[in-house]
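Asks:
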Amino acid sequence: DMSKDDIDTLPGNLDSFKKLICTCKKCPLGETRQNFVFGFGNPQADVGFVGEAPGEQEDLQGVPFVGRAGKLLDKILAAIELTRDDIYICNVLKCRPPNNRDPLPSEVEQCEPYLLNQLRIIKPKLIVALGRVAACTILKTKESLKNMRNQIFKYAEVDLIVTYHPA
Ligand code: URA
Numbered sequence: 001d002m003s004k005d006d007i008d009t010l011p012g013n014l015d016s017f018k019k020l021i022c023t024c025k026k027c028p029l030g031e032t033r034q035n036f037v038f039g040f041g042n043p044q045a046d047v048g049f050v051g052e053a054p055g056e057q058e059d060l061q062g063v064p065f066v067g068r069a070g071k072l073l074d075k076i077l078a079a080i081e082l083t084r085d086d087i088y089i090c091n092v093l094k095c096r097p098p099n100n101r102d103p104l105p106s107e108v109e110q111c112e113p114y115l116l117n118q119l120r121i122i123k124p125k126l127i128v129a130l131g132r133v134a135a136c137t138i139l140k141t142k143e144s145l146k147n148m149r150n151q152i153f154k155y156a157e158v159d160l161i162v163t164y165h166p167a
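Residue numbers (the numbering used here): 1 to 167.
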């Protein structure tokens, strides 16, 4: 298994990294997924959005935030004059949990090094965690979303803020 210290040995560009991990079978979600949902957007983005896990549409299309929640996210981005091509977006888990249940701690443990390497490659200036589950998973806390809003956290040495999930 990959430990957090092994991150330095992983590919330093997104395409090679995706190719390396897209057939992952480290956890049981690898058996039920239709598609591995790596991430989407600008590899040079200043802002990286991190959701929880792919849903049904994301699993079917292999792209994060393309379902209902994604359509609202696009509107929210448009309101601040951004598009998906200006930002980078991915999830903590790259594969869909059956029936969209919350990620299990074991799944997060296996998958989080992938997120950390993506962030190491992209080096965003800001990370936006979308929703309580994404935020609590990333920050290893059980705080309410209400308590986490309006604060600046650190994740992978990058400033991180928490906001509502578009769902
Ligand atoms: N919700 C998420 O957290 N991520 C997606 O990719 C889609 C919906």
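We put the CB at the ideal spot given by N, CA and C, even for glycine. Remember, it's a predicted structure, so these values are computed and weren't measured experimentally.
Assuming residue 38 and residue 22 form a contact by the criterion Cβ under 8 angstroms, report the distance between their Cβ atoms to the nearest whole angstrom.
Replies: Yes, residue 38 and residue 22 are in contact; Cβ-Cβ is about 6 angstroms, under 8 angstroms.
Asks: Hey, is residue 135 close to the ligand URA, as in C-beta under 7 angstroms from one of its heavy atoms?
Replies: The answer is no for residue 135.
Asks: Candidates 126, 116, 60 and 66: which alpha carbon is nearest residue 138's?
Replies: Measuring from the Cα of residue 138, the nearest candidate turns out to be 116.
Asks: What did DSSP end up calling residue 131 once you bin it into helix, strand or coil?
Replies: Residue state, collapsed to three classes: helix.
Asks: Can residue 107 be considered in contact with the ligand URA, in the sense that its beta carbon sits closer than 7 angstroms to one or more heavy atoms?
Replies: Not under cutoff, so the answer is no.
Asks: Do residue 92 and residue 127 have their C-beta atoms closer together than 8 angstroms?
Replies: For residue 92 and residue 127, no; Cβs fall outside 8 angstroms.
Asks: Can you list, in chain order, the residues of its chain with a C-beta nearer than 6 angstroms to that of residue 132? Leave out the 5 residues immediately preceding and following it.
Replies: 145.
Asks: Using CA atoms only, rank isn't needed, just tell me which of 120, 166, 125 and 124 is closest to residue 134.
Replies: Comparing Cα positions, the closest option is 166.
Asks: Could you give the residue range of the beta strand (DSSP E) that holds residue 160?
Replies: Looking at the DSSP string, the run of the beta strand (DSSP E) that includes residue 160 is 158-163.
Asks: First and last residue of the beta strand (DSSP E) that includes residue 50?
Replies: Element bounds for residue 50: 47-51.
Asks: In chain order, what residues have a CB nearer than 7 angstroms to some heavy atom of the ligand URA?
Replies: Spelled out in chain order, the answer is 37, 51, 52, 53, 54, 55, 58, 64, 65, 67, 69, 70, 91, 130, 131, 134, 165 and 167.
Asks: Restricting to runs no shorter than 4 residues, where is the alpha helix (DSSP H) found entirely within the region 42-117?
Replies: Runs of the alpha helix (DSSP H) inside the region 42-117: 56-61 and 68-79.
Asks: Would the region 62-71 and the region 97-110 be scored as touching if the rule is three or more Cβ pairs under 8 angstroms?
Replies: No: fewer than three Cβ pairs fall under 8 angstroms.
Asks: Consult DSSP for residue 203 and reduce its assignment to one of helix, strand or coil.
Replies: This structure does not reach residue 203, given that the chain is present from 1 up to 167, and the question cannot be answered.
Asks: Just how far apart, CA to CA, sit residue 149 and residue 140?
Replies: Using only the alpha carbons, I get a separation of about 15 angstroms.
Asks: Which of helix, strand or coil does DSSP assign to residue 14?
Replies: DSSP places residue 14 in helix when its eight states are reduced to three.
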